[in-house]
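S.K.: Submitted below is the structure of interest, expressed as structure tokens.
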Amino acid sequence: MFQPTGPHLSLPTVSSPAELFRDPASVVFNLDGYQVLAACDLPLGGRRVTAAANSVEAACPDCGVVSTRVHQRTRQKVKDLGVGGKDIELVIIKPRFLCSEAACARRTFTQVTDQLPFRARCTARLKEAAVEAVLDEGMPIWRTCARYQLGWATINTAVTADALTIPDPDMVPVRALGIDEHRFARAKWFKHPETAQWCRVEPWMSTFVDADTGHILGVVDGRSSANITRWLKQRSQAWLEQLQVVAIDPSSAFRNAVRQVLPAVEISVDHWHVVRLGNQMLTEVRQRVTREVLGRRGRKEDSVWAHRMLLLRAGDRLTDAGLHRLEQVLDDEDYEQVAAAWAVKERLRALLAAKDIPAAQNARIDFEMAVAAADMAETDKLAATVAKWWTEIKVFVRTQVTNARTESANTGIKQIKRTGRGFRNQKNYQSRILGTSVRQTRRRRRIPHQQGLHAQR
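Okay, so the sequence shown: first residue is 2 according to the numbering used here, each after it adds one.
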């Protein structure tokens, strides 16, 4: 890898960048801190570029004394980005300096630059391009390795190191916080050592997102109240005091955790999940009534089954043709309970679409009247859930803070997991998530790159 230099190459003789004249080849190659000395085409394709650092002095890593005495110069082949559509074989003429301090135990040391740190075998800009391909383009590491001719460990280390430059959550002002969970990996089965019974385990992870910007602030293992509480307690008191609203799904574990750490913060329940509960109720009623009327599951010749998706759509957004088909289903006397459940679902949607608290109170009266008229176990269960979360529903009506950004972040997380064909190492998994999110947020909000450094805890 190291070869002696030839006498025919003229090396830089100045140490100040202001005094250095950049020749056209150096401008085109554009390797920061280096000057092109020679370039040629290779017989089998590609180009060989020989370059040397502009600086002709360096500080000893042990004593810090600056030295200009060169012990020897060697040639080192390093990997770099291609130029002009062709691969580059970069040869760096690297000097080894003699330490000028007689009392220093280190006699010689190698030149170190920003582009070629200590023992580097590829330029820093090549690593940056690989990190951008993984985090910005969503490219899997194995494909990035093929593009830039780098090893998997090299790129993965660069991606993990980039995650350490993300802003500290305590340095990011957050008004509304979103909390949601996602499944980290496939469900696994294991035999209990005491009972010898097979148990199913689903590995979950919880995500904390800025509900206004979509910036992922943290990812923790599990979805229990203890894990949520632990992450919140790690935040500074100033950061906790600026929180106004926390958006969650209808999860008692999340609500208990927020109430334990932030008793004064308002909690907003995500309206999409409440509507989903209404649709789930309608589906359960439709399935039960179909089995009672027909004695079997629904088939495509049954209108109530053929229009099952039409029943779940918003009634006020249907076209005239859709309303006509829906009326044919709801007017059937055998499916009166389905019509009643559909009315309850629409009253629930009207409640969540209210513009203020008085309108929501009136809509809740209509909803409860529809539930009483339906008189079914499924609708009563839905009404009990609405009553249990009524305080959080009123916060949503007044603030309109939802978990939409959090759900969008989870969609991106799932795409990262698909691209990586799954992750076994949670540290690598978290580094992909946090690194991708902060880069997207920087593009939208222009967050400074060095706003704060922290390691994910």
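Glycine included, C-beta positions come from ideal geometry on N, C-alpha and C.
#1: By the 10 Å Cβ neighbour count, where 16 or more other Cβ atoms means buried, how is residue 61 classified, buried or exposed?
#2: Can residue 219 and residue 232 be called in contact, C-beta distance under 7 Å?
#3: Sorted by chain position, which residues of the same chain lie with C-beta nearer than 7 Å to residue 444's C-beta, five sequence neighbours on each side aside?
#4: Nearest to residue 317 by CA position, among 81, 350 and 126, is which residue?
#5: Does the beta-carbon of residue 216 have 16 or more other beta-carbons within 10 angstroms, so that it is buried, or is it exposed?
#6: Whole angstroms is fine: what's the gap from residue 190's alpha carbon to residue 418's?
#7: Quick check on residue 379: buried or exposed, where buried means 16 or more other Cβ atoms within 10 Å of its Cβ?
#8: With a floor of 3 residues, list each beta strand (DSSP E) that falls wholly inside the region 103-167, ordered by position along the chain.
#9: Under 7 Å, do residue 346 and residue 278 count as touching if we go by C-beta distance?
#10: Would you check if the distance between the CB atom of residue 440 and the CB atom of residue 137 is smaller than 7 Å?
#11: Looking only at C-alpha atoms, which of 42, 156, 383 and 402 sits nearest to residue 249?
#12: Considering only their Cβ atoms, is the gap separating residue 175 from residue 211 smaller than 7 Å?
#13: In chain order, what residues of the same chain have a beta carbon less than 7 Å from the beta carbon of residue 313, not counting five sequence neighbours either side?
#14: What is the rounded straight-line gap between the Cα of residue 2 and the Cα of residue 122?
#15: I want to know whether the region 398-417 touches the region 97-111 - three or more CB-CB distances under 8 Å.
#16: Exposed or buried, which one is residue 119 when buried takes at least 16 other CB atoms within 10 Å?
#17: Below 8 Å on the Cβ atoms is my guess for residue 228 versus residue 429; work out the distance and round it to an integer in Å.
#18: So for residue 1, helix, strand or coil by DSSP?
#19: Could you please give the first and the last residue of the uninterrupted alpha helix (DSSP H) stretch that includes residue 346?
#20: For residue 456, count the other beta carbons within 10 Å of its own beta carbon; 16 or more makes it buried, fewer makes it exposed. Which is it?
#21: Hey, is the region 66-75 in contact with the region 85-104, meaning 3+ C-beta pairs nearer than 8 Å?
#22: Identify whether residue 272 lies in helix, strand or coil by the three-state DSSP scheme.
#23: At what residues does the beta strand (DSSP E) containing residue 57 begin and finish?
#24: Buried or exposed for residue 43, please, with buried defined as at least 16 other CB atoms from any protein chain shown within 10 angstroms of its CB.
#25: Can the beta-carbon of residue 135 be found less than 7 Å from the beta-carbon of residue 124?
#26: What residue range is occupied by the uninterrupted beta strand (DSSP E) comprising residue 207?
#27: Since residue 299 and residue 306 should fall inside the 8 Å C-beta cutoff, what is the C-beta to C-beta distance between them, to a whole number of angstroms?
#28: Using C-beta distances below 8 Å, list every residue in its chain close to residue 35, excluding the 5 sequence neighbours before and after it, in chain order.
#29: Using the rule of at least 16 other Cβ atoms within 10 Å of the residue's Cβ for burial, across every protein chain shown, is residue 240 buried or exposed?
#30: Pull up the distance between the alpha-carbon of residue 263 and that of residue 362, whole angstroms please.
#31: Who are the near neighbours of residue 90 in its chain, counting only those whose CB is closer than 8 Å to its CB and skipping five residues on each side?
#32: Where residue 365 and residue 384 are concerned, what is the direct C-alpha to C-alpha distance, given to the nearest angstrom?
#33: The alpha helix (DSSP H) with residue 39 in it runs from where to where?
#34: So, under 8 Å CB-CB, residue 268 and residue 259 are touching, yes? Tell me the CB distance rounded to an integer number of Å.
#35: For a test of the three-state rule: what should DSSP assign to residue 301, helix, strand or coil?
#36: What is the DSSP secondary structure of residue 361, reduced to helix, strand or coil?
M.R.: The answer reads as follows:
#1: Your numbering for residue 61 matches position 60 in the sequence shown. A residue is called buried once 16 or more other Cβ atoms fall within 10 Å of its Cβ, and residue 61 is buried on that count.
#2: Within the sequence shown, residue 219 is the residue found at index 218, counting from 1. Within the sequence shown, residue 232 is the residue found at index 231, counting from 1. Cβ atoms of residue 219 and residue 232: closer than 7 Å.
#3: Here residue 444 refers to the residue found at position 443 of the sequence shown. Once the five neighbours on either side are set aside, residue 444 has no close Cβ partner at all.
#4: The residue given as residue 317 occupies position 316 in the sequence shown. Comparing Cα-Cα distances from residue 317 to each of 81, 350 and 126, the minimum goes to 350.
#5: Residue mapping note: residue 216 aligns to position 215 of the sequence shown, counting from 1. The residue in question, residue 216, is buried, as its Cβ has 16 or more Cβ neighbours within 10 Å.
#6: Translated into positions along the sequence shown, residue 190 becomes position 189. Translated into positions along the sequence shown, residue 418 becomes position 417. In this model, residue 190 and residue 418 are separated by some 21 Å (Cα to Cα).
#7: Along the sequence shown, read from residue 1 onward, the residue named residue 379 stands at position 378. Classification of residue 379: buried, given that the 10 Å Cβ count is 16 or more.
#8: Here the runs fully enclosed are 109-111.
#9: Sequence index remark: in the sequence shown, residue 346 carries index 345 (1-based). Sequence index remark: in the sequence shown, residue 278 carries index 277 (1-based). Going by C-beta atoms, residue 346 is not nearer than 7 Å to residue 278.
#10: One-based indexing of the sequence shown puts residue 440 at position 439. One-based indexing of the sequence shown puts residue 137 at position 136. Yes, they are a contact pair.
#11: Locating residue 249 in the sequence shown gives position 248, where the first residue counts as 1. Nearest C-alpha to residue 249: 402.
#12: Sequence index remark: in the sequence shown, residue 211 carries index 210 (1-based). Sequence index remark: in the sequence shown, residue 175 carries index 174 (1-based). In this structure, residue 175 lies closer than 7 Å to residue 211 by Cβ.
#13: For the purposes of this step, residue 313 is taken as the residue at position 312 of the sequence shown. Within the same chain, residue 313 has close Cβ partners 280 and 283.
#14: What you label residue 2 is simply residue 1 of the sequence shown in a count that begins at 1. What you label residue 122 is simply residue 121 of the sequence shown in a count that begins at 1. Residue placement at residue 2 cannot be trusted, given a pLDDT of 48 that sits under 50; what the coordinates show is reported in the next sentence. In a straight line, the C-alpha of residue 2 is about 10 Å away from that of residue 122.
#15: Cβ pair count under 8 Å is below three, so no.
#16: Counting from 1 along the sequence shown, the entry for residue 119 is found at position 118. With fewer than 16 other CB atoms across the displayed protein chains lying within 10 angstroms of its CB, residue 119 is exposed.
#17: On the sequence shown, position 227 is the one that residue 228 refers to. On the sequence shown, position 428 is the one that residue 429 refers to. About 20 Å separates the CB atoms of residue 228 and residue 429; that is not less than 8 Å, and the two are not in contact.
#18: This structure cannot settle anything about residue 1, because the visible part of the chain is limited to 2 through 458.
#19: For this step, residue 346 is matched to residue 345 along the sequence shown. Segment 337-353, the alpha helix (DSSP H) holding residue 346.
#20: In the sequence shown, counting from the first residue as 1, residue 456 sits at position 455. For residue 456, the predicted model reports a pLDDT of 40, less than 50, meaning its position is unreliable; a value from the coordinates is still stated below. Counting other Cβ atoms within 10 Å of its Cβ, residue 456 stays below 16 and is therefore classed as exposed.
#21: In short, these stretches touch, since the Cβ pair count reaches three.
#22: As a first step, residue 272 is located in the sequence shown; it is residue number 271 there, counting from the start. Shown here, residue 272 sits in a helix according to DSSP, grouped into three states.
#23: Along the sequence shown, read from residue 1 onward, the residue named residue 57 stands at position 56. From DSSP, residue 57 is part of no beta strand (DSSP E); its letter is neither H nor E.
#24: The residue labelled residue 43 in the question sits at position 42 within the sequence shown. So residue 43 counts as exposed.
#25: Here residue 135 corresponds to residue number 134 of the sequence shown, with the count starting at 1. Here residue 124 corresponds to residue number 123 of the sequence shown, with the count starting at 1. Residue 124 is positioned such that its CB atom lies no closer than 7 Å to that of residue 135.
#26: In the sequence shown, residue 207 corresponds to position 206, counting from 1. That run of the beta strand (DSSP E) goes 205-211.
#27: Counting from one through the sequence shown, the residue named residue 299 turns up at place 298. Counting from one through the sequence shown, the residue named residue 306 turns up at place 305. Confirmed, about 3 Å.
#28: On the sequence shown, residue 35 is found 34 positions in, with the first residue counted as 1. Contacts found: 27, 52, 53, 54, 55, 93, 114 and 116.
#29: Counting from one through the sequence shown, the residue named residue 240 turns up at place 239. It counts as buried.
#30: Counted from its first residue, the sequence shown places residue 263 at position 262. Counted from its first residue, the sequence shown places residue 362 at position 361. Cα to Cα, the separation comes out at about 27 Å.
#31: Your numbering for residue 90 matches position 89 in the sequence shown. Scanning its chain for C-beta atoms nearer than 8 Å, with the 5 sequence neighbours on each side dropped, one finds around residue 90 the residues 43, 47, 48, 49, 50 and 78, in chain order.
#32: Here residue 365 refers to the residue found at position 364 when the sequence shown is read from its first residue. Here residue 384 refers to the residue found at position 383 when the sequence shown is read from its first residue. Residue 365 and residue 384: Cα-Cα distance of roughly 10 Å.
#33: Indexing the sequence shown from 1 puts residue 39 at position 38. Counting along the chain, residue 39 falls outside any alpha helix (DSSP H), though it belongs to the beta strand (DSSP E) covering 35-42.
#34: Here the question's residue 268 lines up with position 267 in the sequence shown. Here the question's residue 259 lines up with position 258 in the sequence shown. Between residue 259 and residue 268 the Cβ distance is about 6 Å, and since that is below 8 Å, they are a contact.
#35: One-based indexing of the sequence shown puts residue 301 at position 300. Coil.
#36: Along the sequence shown, read from residue 1 onward, the residue named residue 361 stands at position 360. Here residue 361 sits in helix by DSSP.
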